[in-house]
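K.L.:
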Amino acid sequence: MGLTLAQKIIKSHLISGEMQVGSEIALKIDQTLTQDATGTMAYLEFETMGLKRVKTERSVAYIDHNTLQCGFENADDHRYIQTVAKKHGIYFSRPGNGICHQVHLERFSRPGKTLIGSDSHTPTGGGIGMLSFGAGGLDVAVAMGGGAYHITMPKMYKVNLTGKLNPFVTAKDVSLEILRILSVKGGVGAIIEWGGEGVKTLSVPERATITNMGTELGATTSIFPSDEITYEFLKAQGREQDFVSLESDIDAVYDKVIDIDLSTLEPLIACPHSPDNVVKVSSLKGVKVNQVCIGSCTNSSLHDLLKVSALLSGKTVHESVSLSVSPGSKQVLSMLSSSGALANIISSGARILECACGPCIGMGFSPNSQGVSLRTFNRNFLGRSGTKDAGVYLVSPETAVAAAIFGEITDPRLLGEMPKITMPTSFAIDDSAIIAPASEQEAESLEVLRGPNIKPFPSTQPLDNNIEVTVALKVGDNITTDHIMPAGAKILPYRSNIPYLSKFCFSVVDEGFSERALSLKSSVIIGGDNYGQGSSREHAALVPLYLGIKAVVVKSFARIHVANLINAGIVPLTFKNVSDYDLISEGDKLLLENVESGMEKGEITLKNLTKNQTYSLVALFTERQREILKAGGLLAYTKNQK
Ligand code: MIC
Ligand code: SF4
Numbered sequence: 002m003g004l005t006l007a008q009k010i011i012k013s014h015l016i017s018g019e020m021q022v023g024s025e026i027a028l029k030i031d032q033t034l035t036q037d038a039t040g041t042m043a044y045l046e047f048e049t050m051g052l053k054r055v056k057t058e059r060s061v062a063y064i065d066h067n068t069l070q071c072g073f074e075n076a077d078d079h080r081y082i083q084t085v086a087k088k089h090g091i092y093f094s095r096p097g098n099g100i101c102h103q104v105h106l107e108r109f110s111r112p113g114k115t116l117i118g119s120d121s122h123t124p125t126g127g128g129i130g131m132l133s134f135g136a137g138g139l140d141v142a143v144a145m146g147g148g149a150y151h152i153t154m155p156k157m158y159k160v161n162l163t164g165k166l167n168p169f170v171t172a173k174d175v176s177l178e179i180l181r182i183l184s185v186k187g188g189v190g191a192i193i194e195w196g197g198e199g200v201k202t203l204s205v206p207e208r209a210t211i212t213n214m215g216t217e218l219g220a221t222t223s224i225f226p227s228d229e230i231t232y233e234f235l236k237a238q239g240r241e242q243d244f245v246s247l248e249s250d251i252d253a254v255y256d257k258v259i260d261i262d263l264s265t266l267e268p269l270i271a272c273p274h275s276p277d278n279v280v281k282v283s284s285l286k287g288v289k290v291n292q293v294c295i296g297s298c299t300n301s302s303l304h305d306l307l308k309v310s311a312l313l314s315g316k317t318v319h320e321s322v323s324l325s326v327s328p329g330s331k332q333v334l335s336m337l338s339s340s341g342a343l344a345n346i347i348s349s350g351a352r353i354l355e356c357a358c359g360p361c362i363g364m365g366f367s368p369n370s371q372g373v374s375l376r377t378f379n380r381n382f383l384g385r386s387g388t389k390d391a392g393v394y395l396v397s398p399e400t401a402v403a404a405a406i407f408g409e410i411t412d413p414r415l416l417g418e419m420p421k422i423t424m425p426t427s428f429a430i431d432d433s434a435i436i437a438p439a440s441e442q443e444a445e446s447l448e449v450l451r452g453p454n455i456k457p458f459p460s461t462q463p464l465d466n467n468i469e470v471t472v473a474l475k476v477g478d479n480i481t482t483d484h485i486m487p488a489g490a491k492i493l494p495y496r497s498n499i500p501y502l503s504k505f506c507f508s509v510v511d512e513g514f515s516e517r518a519l520s521l522k523s524s525v526i527i528g529g530d531n532y533g534q535g536s537s538r539e540h541a542a543l544v545p546l547y548l549g550i551k552a553v554v555v556k557s558f559a560r561i562h563v564a565n566l567i568n569a570g571i572v573p574l575t576f577k578n579v580s581d582y583d584l585i586s587e588g589d590k591l592l593l594e595n596v597e598s599g600m601e602k603g604e605i606t607l608k609n610l611t612k613n614q615t616y617s618l619v620a621l622f623t624e625r626q627r628e629i630l631k632a633g634g635l636l637a638y639t640k641n642q643k
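The numbering of the sequence shown is this note's numbering, which starts it at 2 and goes up by one.
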């Protein structure tokens, strides 16, 4: 039996485990990336491991999220990351150099290699045939130290593309179409491979838009073959030596095959507040728009912004719309500028933001009250924009431009003829904003500079065998990490200050949660399906740990979040009978009985002391996960192992 493309890369990086769906495998990691909002914590964790140098082929620290400096906090964190990187063998991408995924794709990604990043959109690298995973900061720290990355061997899905996209229909519409088909849970436990003849019609940046948004499907990762189009991209980046050709075997077996004929797609739009809430743009014709944002790691490539420039040429942004454009990288911005394309964007009235995540993570540019914002981003979760009652829609750059010009949601095909975009055969290469690490010898005398905003990691304790807890919160399906630990300009600067951050835990759902959990001292969260979808932020586990959450009991979990809970020493459990979810109420006193032997058996008994009921919980863990939980989290486990 032949192998899929992902199985081939897994096989060549397998350290231990069987490549059988559902069993745990350990992978060798070639490259890591961090961004600043998760990086500070990841490097603090790396430092506690006491290693001098990273052991990966390439590790890069990006500054792209926390770039609004309204106080000392972010600037201090940038300085900490810059100094820790220089000392320990990590490349440092300076603020202004661009969004981690865009810059990594341009300058460091390599087909056939493995990458983990402390950001859920790390699968962007799949656009170039790299097996890339989003992970919690602690997992990235372990990988930097040469440790394996553990995942559950995923199922293999194939999306078979035929045909060719029509003008004004884009890679973003392909992402939205697959979200419409599969939903935000549809990729859980699977790697999505994109194949078929239609793949040849998509450039690397377009492929990267698609693998980027595979994260929104809950997929473990997504990947494209590495072919002549990949070669052209690498060559244009002056990196043709990094090319290897990669494809699945003809007789590879997939657990699911989905066919999409690109020529039948229409411009699509995801409505508030979920990326899978997808309809045709034409069906929302006439909805008034207040704000349009173009950028993010999904749609900020040179290809995207050249299209935006051509469509805006000679046009003026509608008087009721505020348009922002954030180029994905310094390379994109300087090429837009040198080609003259930036001038069209500026003269249309757009507001040019720096090359960073910006509005995508609520770092400025929040919409007005009850505003309608069309964004070329990948997430439109409630409150993420910074304005809770705003309606955020996800669209392609073409649909974004149409709304910016007409002031209302408009099918972009009404813009007339699509201008022909010619991509340069070579990109402007200037890595001066990427600072190389010091040599081992120089590093000895380098000091790591820490600001006063860095507070200690929450304390952990070995797991108790019987745990009495109170239900501090009961939530429904599809709770995102943006619900658990919101981001945005006011909160993000405190990512290395867990006590302060904790005040905002679940604040979009229940403002009293944080105080209540803290006073309960030992509590549990009850949730529905796909709990913890969205970002990789380990803060969505570390903050609950600080607040005394001992376990999270839900119908099902999202992949990265469940790993982060285990790493933090919080026990993640699922209902054996999902209907038991309905029987539990907030405030109930519960007892998790004989946790240790339960974890051995794969089943734990949960007694509801308030209602005098008993439920069965699934507690399926590998031996490694059990040991981590027993020790009180991955840091304690790693220390015990020394
Ligand atoms: C996001 O898009 O939600 C983020 C902000 O990039 C996160 C990381 C974080 O919370 O710092 C992600 O996707 O992992
Ligand atoms: Fe940044 Fe947005 Fe991409 Fe997250 S999704 S990495 S916040 S641009």
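Where a beta carbon is used, it is the ideal one built from N, C-alpha and C, also for glycine.
Note that the structure is a prediction, hence the values are computed from the model and not measured.
Relative to the C-alpha of A429, which residue among E46, R108, I26 and Y63 is closest?
P.N.:
To locate residue 429, count along the sequence shown from 1; it is residue 428. Of the candidates E46, R108, I26 and Y63, the one whose C-alpha sits nearest the C-alpha of A429 is R108.
K.L.:
Taking contact to mean at least 3 C-beta pairs separated by less than 8 Å, is the region 528-548 in contact with the region 25-42?
P.N.:
Contact holds: three or more Cβ-Cβ distances are below 8 Å.
K.L.:
Can you confirm whether the region 44-51 touches the region 136-151 when touching is taken to mean that 3 or more C-beta pairs between the two stretches lie within less than 8 Å?
P.N.:
With the cut-off at 8 Å, the region 136-151 and the region 44-51 touch.
K.L.:
How many angstroms separate the CA atom of G533 from the CA atom of Q292?
P.N.:
Position 532 of the sequence shown, counting from 1, holds the residue named residue 533. Position 291 of the sequence shown, counting from 1, holds the residue named residue 292. Going by the C-alpha atoms only, they are around 28 Å apart.
K.L.:
By how many angstroms is the C-alpha of A518 removed from the C-alpha of H105?
P.N.:
Within the sequence shown, residue 105 is the residue found at index 104, counting from 1. Within the sequence shown, residue 518 is the residue found at index 517, counting from 1. If you take the alpha carbons of H105 and A518, they lie about 39 Å apart.
K.L.:
With distances taken Cα to Cα, identify the nearest neighbour of D120 among F93, I152 and T33.
P.N.:
By one-based count along the sequence shown, residue 120 stands at place 119. With distances taken between Cα atoms, D120 lies closest to T33.
K.L.:
Since I believe V279 is in contact with S301 (beta carbons under 8 Å), could you give me their beta-carbon distance rounded to a whole number of angstroms?
P.N.:
Along the sequence shown, read from residue 1 onward, the residue named residue 301 stands at position 300. Along the sequence shown, read from residue 1 onward, the residue named residue 279 stands at position 278. That belief does not hold up - the Cβ atoms of S301 and V279 are roughly 21 Å apart, past 8 Å.
K.L.:
Could you tell me the alpha carbon to alpha carbon distance between N67 and N609, rounded to whole angstroms?
P.N.:
As a working note, residue 67 is residue 66 in the sequence shown. As a working note, residue 609 is residue 608 in the sequence shown. Rounded to whole angstroms, N67 to N609 spans 43 Å at the Cα level.
K.L.:
May I have all residues whose beta carbon comes closer than 5 Å to any heavy atom of the ligand MIC, sorted in chain order?
P.N.:
Cβ-based neighbours of the ligand MIC within the cut-off: A38, T39, D120, S121, I362, S536, S537 and R538.
K.L.:
Is C298 near the ligand SF4, with its Cβ less than 6 Å from a heavy atom?
P.N.:
Walking along the sequence shown from the start, residue 298 turns up at place 297. Checking the Cβ of C298 against the ligand SF4 gives yes.
K.L.:
Considering only C-alpha positions, which residue in the set P368, E409 and P398 is nearest to K389?
P.N.:
Translated into the one-based positions of the sequence shown, residue 389 becomes position 388. Closest by alpha carbon: P368.
K.L.:
With respect to the alpha helix (DSSP H) encompassing D37, which residues constitute its N-terminal and C-terminal limits?
P.N.:
Along the sequence shown, read from residue 1 onward, the residue named residue 37 stands at position 36. Where D37 is concerned, the enclosing alpha helix (DSSP H) stretches over D37 to T49.
K.L.:
Between L621 and the rest of its own chain, which residues show a CB-CB distance below 7 Å, the 5 nearest in sequence each way excluded?
P.N.:
For the purposes of this step, residue 621 is taken as residue 620 along the sequence shown, with counting starting at 1. If we look at L621 and ignore the five residues flanking it on each side, its Cβ neighbours are G603.
K.L.:
Assign A220 to one of three DSSP states: helix, strand, or coil.
P.N.:
In the sequence shown, the residue the question calls residue 220 occupies position 219. DSSP places A220 in strand when its eight states are reduced to three.
K.L.:
Just how far apart, CA to CA, sit S386 and T615?
P.N.:
Here residue 386 refers to the residue found at position 385 of the sequence shown. Here residue 615 refers to the residue found at position 614 of the sequence shown. One C-alpha to the other measures close to 41 Å.
K.L.:
With a threshold of 6 Å on Cβ separation, who are the neighbours of S110 within its own chain once the five nearest residues in sequence on each side are excluded?
P.N.:
The residue you call residue 110 lines up with position 109 of the sequence shown. The residues are G126, I129 and M131.
K.L.:
Comparing C-alpha positions only, which one of M336, D412, G296 and Q242 sits nearest to E267?
P.N.:
Your numbering for residue 267 matches position 266 in the sequence shown. Ranking the options by Cα distance to E267, first place goes to D412.
K.L.:
Start and end of the alpha helix (DSSP H) containing V175?
P.N.:
The residue labelled residue 175 in the question sits at position 174 within the sequence shown. First-last of the alpha helix (DSSP H) with V175: A172 to L183.
K.L.:
Extract the residue ranges of the beta strand (DSSP E) inside the region 114-151, only unbroken runs of 3 or more that lie entirely within it.
P.N.:
115-118 and 132-135, all fully within the region 114-151.
K.L.:
Sort A253, D262, I152 and G18 by Cα distance to D174 and report the nearest one.
P.N.:
Here residue 174 corresponds to residue number 173 of the sequence shown, with the count starting at 1. Residue D262 is the option with its Cα nearest to D174.
K.L.:
Output the boundary residues of the alpha helix (DSSP H) element that contains E516.
P.N.:
Numbered from 1 along the sequence shown, position 515 holds the residue referred to as residue 516. Where E516 is concerned, the enclosing alpha helix (DSSP H) stretches over F514 to L521.
K.L.:
Which of helix, strand or coil does DSSP assign to F234?
P.N.:
In the sequence shown, the residue the question calls residue 234 occupies position 233. Three-state result, F234: helix.
K.L.:
Quick check on DSSP: helix, strand or coil for T377?
P.N.:
Your numbering for residue 377 matches position 376 in the sequence shown. Note: T377 maps to coil in three-state DSSP.
K.L.:
Measure the C-alpha to C-alpha separation of S176 and L521 and round it to an integer number of angstroms.
P.N.:
As a position in the sequence shown, residue 176 is number 175, starting the count at 1. As a position in the sequence shown, residue 521 is number 520, starting the count at 1. Using only the alpha carbons, I get a separation of about 43 Å.
K.L.:
Check for me: the beta strand (DSSP E) holding L52 runs from which residue to which?
P.N.:
Taking the first residue of the sequence shown as 1, we reach residue 52 at position 51. Here L52 belongs to no beta strand (DSSP E), and DSSP marks it neither H nor E.
K.L.:
What did DSSP end up calling L636 once you bin it into helix, strand or coil?
P.N.:
The count along the sequence shown starts at 1 and reaches residue 636 at position 635. L636: helix per DSSP, three-state reduction.
K.L.:
Going by other Cβ atoms of all chains shown within 10 Å of its Cβ, with 16 needed for buried, is P494 buried or exposed?
P.N.:
For the purposes of this step, residue 494 is taken as the residue at position 493 of the sequence shown. Answer is buried; the Cβ neighbour count reaches 16.
K.L.:
Would you say C356 touches the ligand SF4, meaning its beta carbon is less than 6 Å from a heavy atom?
P.N.:
For this step, residue 356 is matched to residue 355 along the sequence shown. Outside the cutoff, so no.
K.L.:
So does D379 have its beta carbon nearer than 6 Å to some heavy atom of the ligand SF4?
P.N.:
Within the sequence shown, numbered from 1, the residue matching residue 379 stands at position 378. Reading off the sequence shown, one finds Asn at residue 379, where the question assumed Asp. Yes.
K.L.:
Locate the beta strand (DSSP E) running through D277, then write down its first and last residues.
P.N.:
By 1-based counting over the sequence shown, the position of residue 277 is 276. No beta strand (DSSP E) holds D277; DSSP gives it neither H nor E.
K.L.:
Please state if the CB of V290 and the CB of E399 are separated by a distance shorter than 7 Å.
P.N.:
Within the sequence shown, numbered from 1, the residue matching residue 399 stands at position 398. Within the sequence shown, numbered from 1, the residue matching residue 290 stands at position 289. Contact: no.
K.L.:
Between which two residues does the alpha helix (DSSP H) holding P545 run?
P.N.:
Taking the sequence shown and counting its residues from 1, one reaches residue 545 at position 544. H540 to Y547 is the extent of the alpha helix (DSSP H) around P545.
K.L.:
Shorter than 6 Å, the distance from the beta carbon of I100 to the closest heavy atom of the ligand GTP, or not?
P.N.:
As presented, the structure is devoid of the ligand GTP, carrying the ligand MIC and the ligand SF4 as its sole ligands.
K.L.:
Compare the Cα-Cα distances from H304 to each of D77, Q103, A27 and E74 and report the closest residue.
P.N.:
Counted from its first residue, the sequence shown places residue 304 at position 303. Checked all of D77, Q103, A27 and E74; the closest Cα to H304 is Q103.
K.L.:
Specify, as a first and last residue, the run of the alpha helix (DSSP H) that G417 falls within.
P.N.:
Position 416 of the sequence shown, counted from the start, is the residue given in the question as residue 417. G417 -> no alpha helix (DSSP H), and no H or E assigned at all.
K.L.:
Does the contact criterion of 3 or more C-beta pairs under 8 Å hold for the region 161-169 versus the region 224-235?
P.N.:
Touching, no, given that fewer than three Cβ pairs across the two stretches are closer than 8 Å.
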